[in-house]
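Under the numbering used here, the first residue of the sequence shown carries the number 1, and numbering increases by one thereafter. I have placed the structure first, in the form of structure tokens, so that the comments after it can refer back to it.
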Amino acid sequence: MKTEKKTTKRSLDDKKIMSQKICQLYELGGVTLDSCCGELGVTARTFWNWCADVSEIAELFKKAKDAHSRVEKEGIREKASTGLQRLVEGFWVEEEEVEEIYNKKNELVGKRVKKRKKYISPNATAIIFALKNSDPVHWNEDLTMDFGGEEQVFKIGDQTIKFK
């Protein structure tokens, strides 16, 4: 017994309308193309086929992809900035330890929860990174030496280094 695959023929206008909705969802960021397509009952493969067949849909998706990328980068930048700020300032975390209590028959009779606050000190590497990137004029490590045109010779072990 053969099972027939159900196919739905959509008009070009329907494809454009659905593609526009898919692209609007995708532009928001934080979602995948598969999830946007699934929201409207279309597979991502079908959407890709529409992009290949209809240049207007392809152009619409290109714009949505650019917007999606921009939103994702802004989100990452914001999270990185927040994380760096926490590492520079230090922060408190609450740790929780759960201890299970058993009776003589090895049956669980209760749990003891210990909570404690712990301070995470500022991170020296994060502070250096922040200073170098926020104020490179004062925190840059590049050294410029002017020897007044004279040749300088430094001997370190068996090595000889010459500067002009």
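For each residue, glycine too, the CB sits at the ideal point set by N, CA and C. Bear in mind the structure is a predicted one, so any value in this text is a computation, not a measurement.
### Message
Looking only at its chain, what residues have a beta carbon closer than 8 Å to the beta carbon of residue 126, apart from the 5 residues adjacent to it on each side?
### Response
84, 87 and 88
### Message
Taking a contact to mean a Cβ-Cβ separation below 9 Å, would you say residue 132 touches residue 123 in this structure?
### Response
no
### Query
Do residue 19 and residue 61 come within 9 Å of each other at the CB atom, strictly closer than that value?
yes
### Query
Across which residues does DSSP place residue 92 in a beta bridge pair?
119
### Query
Applying the criterion that 16 or more other CB atoms from any shown protein chain within 10 Å of the CB defines a buried residue, is residue 15 buried or exposed?
buried
### Task
Measure the alpha-carbon distance for residue 57 versus residue 23 and round it to whole angstroms.
9 Å
### Query
Start and end of the alpha helix (DSSP H) containing residue 15?
12-27
### Query
What is the rounded straight-line gap between the Cα of residue 74 and the Cα of residue 27?
13 Å
### Task
Determine the contact status of residue 116 and residue 99, defining contact as a CB-CB distance below 9 Å.
no
### Query
Which of helix, strand or coil does DSSP assign to residue 108?
strand
### Query
What's the C-alpha gap between residue 69 and residue 36?
15 Å
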